[in-house]
Amino acid sequence: MTDAQPPKSPKAGKTPSPQPPSSPISPRLGNIDAPIEADTADADSVYASSVVTDTTSLRSSILAYKWEHGRRYHAYQDGAYWGPNDEKQQEAEDLSHEMFKIILNGLTLAPISDDVQNVLDVGCGTGAWAIEFADAHPSSQVIGVDLSPIQPSFVPPNCKFEVDDVIKDFTYPDNYFDYIHIRSMTGCIPDWVQFHRKALKHLKPGGWTEHIENSGVVRSDDGTLGPAMAQWWGIFDKIGKATGKTFGIAETLPDVLKEAGYTNIVERRIKIPIGTWPKNPDLKHWGAWNRQFILQGVEGFSIRGLTDCLGWTYEEAQLYLVSLRKELTDPKIHAYLELAFYAGQKPEAAEESTAA
Numbered sequence: 001m002t003d004a005q006p007p008k009s010p011k012a013g014k015t016p017s018p019q020p021p022s023s024p025i026s027p028r029l030g031n032i033d034a035p036i037e038a039d040t041a042d043a044d045s046v047y048a049s050s051v052v053t054d055t056t057s058l059r060s061s062i063l064a065y066k067w068e069h070g071r072r073y074h075a076y077q078d079g080a081y082w083g084p085n086d087e088k089q090q091e092a093e094d095l096s097h098e099m100f101k102i103i104l105n106g107l108t109l110a111p112i113s114d115d116v117q118n119v120l121d122v123g124c125g126t127g128a129w130a131i132e133f134a135d136a137h138p139s140s141q142v143i144g145v146d147l148s149p150i151q152p153s154f155v156p157p158n159c160k161f162e163v164d165d166v167i168k169d170f171t172y173p174d175n176y177f178d179y180i181h182i183r184s185m186t187g188c189i190p191d192w193v194q195f196h197r198k199a200l201k202h203l204k205p206g207g208w209t210e211h212i213e214n215s216g217v218v219r220s221d222d223g224t225l226g227p228a229m230a231q232w233w234g235i236f237d238k239i240g241k242a243t244g245k246t247f248g249i250a251e252t253l254p255d256v257l258k259e260a261g262y263t264n265i266v267e268r269r270i271k272i273p274i275g276t277w278p279k280n281p282d283l284k285h286w287g288a289w290n291r292q293f294i295l296q297g298v299e300g301f302s303i304r305g306l307t308d309c310l311g312w313t314y315e316e317a318q319l320y321l322v323s324l325r326k327e328l329t330d331p332k333i334h335a336y337l338e339l340a341f342y343a344g345q346k347p348e349a350a351e352e353s354t355a356a
């Protein structure tokens, strides 16, 4: 069998998003309660042809990246984020950005206005989302914040990037942002309720915060998971307990947002296949992107946590990753992850309390 050719890894600001095929599945409604029907044809071979100014000045110490096991990590607040920031991982981030756009059919879930003004992108990574949002909303001023200064030099005039640790107090005025965007920050924050209360403080009354996370639990509706996939969530649960930063935020976001003080919470939970095994063409398309994203990023997701936190040897970690990659490309395994999309609004009456 010829394996599917995955979608190419896009670079921020250079590659347009592929257009998703039409489908009865609405990303605005979610598909979490619907089983995914497997395609009995040779899914991979059939599908192959169709897919797809900072708050800390940029001192030399910020650019003195740390290297472990051949992977490069951020220097500022070393250890605050568990993943590498090298080109390989940046390509994985850009793949996930394109996948999120396809699933949402756009950049946002929150009902924000076209003339939105002040926007914050928390943990902006490569800056792909911030750049595209700034291009699409020329009236806005977009700030992207990350631990790593890895964003492009040439960006829209209404977009800028800052190096900062978002666990610390924000350096922005209260009631300042119309929209705060948070994505793929699992395993990064020790107290999510406290973090969202802080975000709410800097959000204008009536403004929106959007938070998107990928559940780390690999699931299968027909019992076809392999042992490496079945082990995946247990590994990250242990890493989260060791670091004090949970990887299970996707499952608890509704309660977190409510406790933090958001209202009018919008929720979308969607099954995202791993691979091209589904019969539905939209899910097949999503699955191709998701598998390539995971294959591109799986070592970066795992290697530091396995070795530094769990005490595995480098060789043990690599052997596990070999088994996991094999299962990720096995069309007989009908696995999927859940994506959790949430948006919450700051109450209009909150201005006086946050300004106090």
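Each residue of the sequence shown is one higher than the one before, counting from 1 in the UniProt record's numbering. Even glycine gets a Cβ: it sits at the ideal position worked out from N, Cα and C. Since the model is a prediction, treat every value here as computed from it, not as a measurement.
Tell me the DSSP secondary structure of residue i in three-state form.
i      : result
Val116 : coil
Trp208 : strand
Val51  : Reliability of the predicted coordinates at Val51 is poor, the pLDDT of 35 falling under 50, and no value is obtained from them.
Asp255 : helix
Leu203 : strand
Pro27  : Only weak support exists for where Pro27 lies, its pLDDT of 49 falling under 50; the coordinates are left without a value.
Per DSSP, which one or two residues make a beta bridge with residue i?
i      : result
Asn214 : Leu339
Pro278 : Ala38
His285 : Paired residue(s): none; His285 is not in a bridge.
Thr263 : Gln345
Lys271 : Glu338
Arg219 : Tyr336
Check for me: the beta strand (DSSP E) holding residue i runs from which residue to which?
i      : result
Glu68  : Lys66 to Glu68
Asp178 : Phe177 to Arg183
Arg71  : Arg71 to Tyr73
When the Cα of residue i is compared with those of the options, which residue comes out closest?
i      : options                           : result
Glu338 : Gln90, Phe133 and Glu267          : Glu267
Leu225 : Ala92, Lys326 and Val119          : Lys326
Val217 : Leu109, Phe341, Lys271 and Lys279 : Lys271
Ile36  : Gln345, Ile182, Ala228 and Tyr336 : Tyr336
Ala228 : Ile333, Asp174 and Gly207         : Ile333
Ala38  : Phe341, Ser323 and Pro331         : Pro331
Lys258 : Leu107, Leu95, Leu104 and Lys346  : Lys346
Asp222 : Pro278, Gly344 and Phe301         : Pro278
Tyr262 : Lys204, Ile239 and Phe247         : Lys204
Lys201 : Thr186, Pro173 and His211         : Pro173
Ile131 : Ser302, Gly297, Met99 and Pro157  : Pro157
Asn264 : Phe154, Tyr342 and Lys88          : Tyr342
Glu348 : Ile294, Leu321, Asp178 and Ser215 : Asp178
Val193 : Ala230, Pro254, Ser139 and Val155 : Pro254
Met185 : Glu162, Asn290 and Glu210         : Glu210
Val166 : Ser153, Pro152, Arg183 and Val155 : Arg183
Val289 : Ile103, Pro84 and Gly127          : Per the sequence shown, the amino acid found at residue 289 is Trp instead of Val. That would be Ile103, whose Cα lies nearest to the Cα of Trp289.
Ala134 : Thr126, Cys159, Lys238 and Glu87  : Cys159
Tell me where the alpha helix (DSSP H) around residue i begins and ends.
i      : result
Ile102 : Glu87 to Leu104
Minimum length 3: unbroken beta strand (DSSP E) runs contained in the region 113-173: Every unbroken stretch of the beta strand (DSSP E) spanning 3 or more residues and falling wholly within the region 113-173 is given here in chain order: 118-122, 141-146 and 159-163.
Complete runs of the beta strand (DSSP E) confined to the region 292-349 [at least 3 residues]: Listed in chain order, they are 336-345.
Runs of alpha helix (DSSP H) lying entirely within the region 225-251, each at least 4 residues, in chain order: Whole alpha helix (DSSP H) segments, 4+ residues: 227-243.
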